[in-house]
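Using this note's numbering, you'd call the opening residue of the sequence shown number 21 and step up by one each time. Quick reminder that beta carbons are idealized off the backbone N, C-alpha and C, glycines included. This structure is a prediction, so every number in the text was calculated from the model and none was measured.
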Amino acid sequence: MQQWTVVVPAKRLDGAKTRLAPASAAGDASAHRDLVLALLADTLTAAVACVDVGCVGGVLVVTDDPAAGALAVRLGARTVPDEPDGGLNAALAHAAATARRGGATAVATLNSDVAALRPAELTAALTAAAGHRRAFVADHDGSGTTLLTARGVTLEPRFGRGSAAAHEASGAVRLGGAWPGLALDVDTEADLAAARRLGLGAHTTAWLARAGATAAPVTCAD
């Protein structure tokens, strides 16, 4: 089985997920940071669970945020600083190069906000990606990207508006599969509601409970 190093980017909390601020206790800064960390925690929990399955060799979080870095270590991931400090694509390319220098031959980047992700979905997507040099999974509306993989070649991340088309134009293969949690990156209140319907991870579920809502948690066995 191909083993992947999964790279997860985590922006500085104060500048992350600004479109979700209205959902964070009427924009309360502390509550918003807690929500961003909860989304990251559920993403990392699912990714780290795949290490036990064998398809993931390790999870690497690229971040300059102390709280995000500490959370990543607690959950079993490693961290690398965002030394380029040149935006998302530069951060991902830097982390992928760091992984390759450490001996990784297959690197996958995973969005930090797929809080309804099941480990089985990530395992299935990475298994499908193993047959291609570069591949990606589009987000729920088909225009963005939630997973980008590179096996034996450089990553070439092209995140931003219309990233799915940009990745496809660069030669990456668009993967298709029944992976609703993997495809649903939580950018807006509507996305958060959709993720609740799918079943959120325990950390975002706990945040919603503190905010006065309820949701059914996702366990690693799902």
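Secondary structure of residue i, DSSP reduced to three states
i, result
"Leu-137", "coil"
"Gly-78", "strand"
"Arg-216", "helix"
"Gly-122", "coil"
"Pro-29", "strand"
"Asp-242", "Reliability fails at Asp-242, whose pLDDT of 43 lies under 50, so the model's placement of it is uncertain and the value that follows must be treated cautiously. Looking at Asp-242 - three-state DSSP - the assignment turns out to be coil, as it is neither helix nor strand."
"Val-206", "coil"
"Leu-130", "strand"
Cβ neighbour criterion (16 or more within 10 Å) applied to residue i
i, result
"Val-79", "buried"
"Gly-38", "Reading off the sequence shown, one finds Thr at residue 38, where the question assumed Gly. Thr-38 comes out exposed."
"Pro-29", "buried"
"Asp-62", "buried"
"Glu-103", "exposed"
"Arg-181", "exposed"
"Pro-86", "exposed"
"Arg-216", "buried"
"Ser-163", "exposed"
Whether residue i touches residue j by CB criterion (8 Å)
i, j, result
"Pro-200", "Thr-129", "no"
"Ala-66", "Val-81", "no"
"Ala-124", "Gly-197", "no"
"Ala-111", "Val-127", "no"
"Leu-14", "Ala-88", "This structure gives no information on residue 14, because the portion of the chain shown stretches from 21 to 242."
"Leu-59", "Thr-165", "no"
"Gly-191", "Arg-154", "yes"
Which listed residue (the options) has its alpha carbon closest to that of residue i
i, options, result
"His-52", "Val-93, Arg-120, Thr-208 and Asn-131", "Thr-208"
"Leu-167", "Leu-40, Val-157 and Ala-58", "Val-157"
"Ala-231", "Gly-191, Asp-48, Phe-179 and Arg-171", "Asp-48"
"Thr-143", "Cys-75, Met-21 and His-114", "Cys-75"
"Ala-170", "Gly-106, Val-206, Ala-119 and Asp-84", "Ala-119"
"Leu-218", "Leu-33, Gly-107, Ala-136 and Cys-70", "Ala-136"
"Arg-32", "Ala-210, Thr-83 and Leu-59", "Thr-83"
*Any chance you could list the alpha helix (DSSP H) runs of at least 4 consecutive residues sitting entirely within the segment 139 to 201, in chain order?*
The qualifying runs are 139 to 149 and 183 to 189.
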